[in-house]
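Chemist: Dropping the structure in here first, questions after.
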Amino acid sequence: PSAQPSDRGSSAPSKTKKNRKKPSASPTPTLAEPEGVCEPSDITVSPFVYRAIAWRHSSVVLELKTKESRACTWHTSPDTVTVRITNSVDQVWTSSECPLSVPTKDLVLRNDVGVKVSVVWSGRRSDSACTRTTRWAPPGWYRVEAAAFAGEPGQLLFELRKPEDVPASSSSAGADGA
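So for the sequence shown, this note's numbering puts the first residue at 53; every next one is plus one.
Structure (structure tokens):
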């Protein structure tokens with residue numbers, strides 16, 4: 053019989069130096085370069101609300117992607133994107149009445165990696181002048197809908213919670229999809 057152990061039937065890796073695999077560096081993914089201006093109908097918008105507390109400002113995060121184009125440029129502004137918040141009865145707030153809530157910036161959109169843009173909702177009902185004297189939206193369930201004009205809309209059901217219902221250490225609440 054041989055004095056050396058056999059490799060047959062063993063699934064354990066050999067511990068000799070020549071059989072050890074060196075860790076290989078993961079290749080850095082290469083992002084597609086923009087190929088012109090995005091067509092609005094090619095843009096999808098997915099809204100997220102990570103934490104919404106009544107009687108306070110809340111952020112609605114919009115993740116923008118393309119459906120077809122690998123990469124293209126797009127100018128986000130109140131003229132190119134719309135956001136609307138409703139409850140079960142009526143419209144509560146809209147970016148068309150509060151256009152300054154939508155950031156104005158140039159972006160590169162891709163179909164494999166989303167770009168996030170934050171829209172600030174005052175937590176109040178909106179009116180035609182986006183005044184700060186309208187009523188606060190009460191705690192409850194709301195739907196946010198967002199879209200690039202002529203693009204594919206996205207929507208999300210979220211809970212606007214009372215401050216005392218939100219644990220102090222909680223970093224995300226009320227982002228349930230519908």
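Every residue gets a Cβ at the ideal spot worked out from N, C-alpha and C, and that includes glycine.
#1: Thinking just about the alpha-carbon of each residue, which of G192, L83, Q207, V89 is nearest to the one in A198?
#2: Here's the rule: buried if 16 or more other CB atoms are within 10 angstroms of the residue's CB, otherwise exposed. What is T82?
#3: Three-state secondary structure (DSSP) at E211?
#4: Between E87 and the rest of its own chain, which residues show a CB-CB distance below 8 Å, the 5 nearest in sequence each way excluded?
#5: Who are the Cβ neighbours of S93 in its own chain at under 7 Å, not counting the five residues just before and after it?
#6: By Cβ distance, which residues of its chain are closer than 8 Å to S222, with the 5 residues on each side in sequence left out?
#7: What three-state label does DSSP hand D164 in the structure shown?
#8: In the DSSP output, what is G192 paired with across the bridge?
#9: Quick check on DSSP: helix, strand or coil for P155?
#10: Cα separation between V141 and Y194?
Modeler: Taking the definition as stated:
#1: Residue Q207 holds the alpha-carbon nearest to the alpha-carbon of A198 among G192, L83, Q207, V89.
#2: With fewer than 16 Cβ atoms within 10 Å of its Cβ, T82 is classed as exposed.
#3: Annotated three-state conformation of E211 is strand, per DSSP.
#4: Here the set comprises S121, R122, A123, C124.
#5: Counting only Cβ-Cβ distances below 7 Å, and skipping sequence neighbours, we find A202, G203.
#6: Note that S222 scores a pLDDT of 47, beneath 50, so its modelled location is shaky and nothing firm can be said.
#7: Of the three classes helix, strand and coil, the one that applies to D164 here is coil, per DSSP.
#8: Paired residues: L212.
#9: The answer is coil: DSSP assigns P155 none of H, G, I, E or B.
#10: Taking the straight line from one Cα to the other gives about 10 Å.
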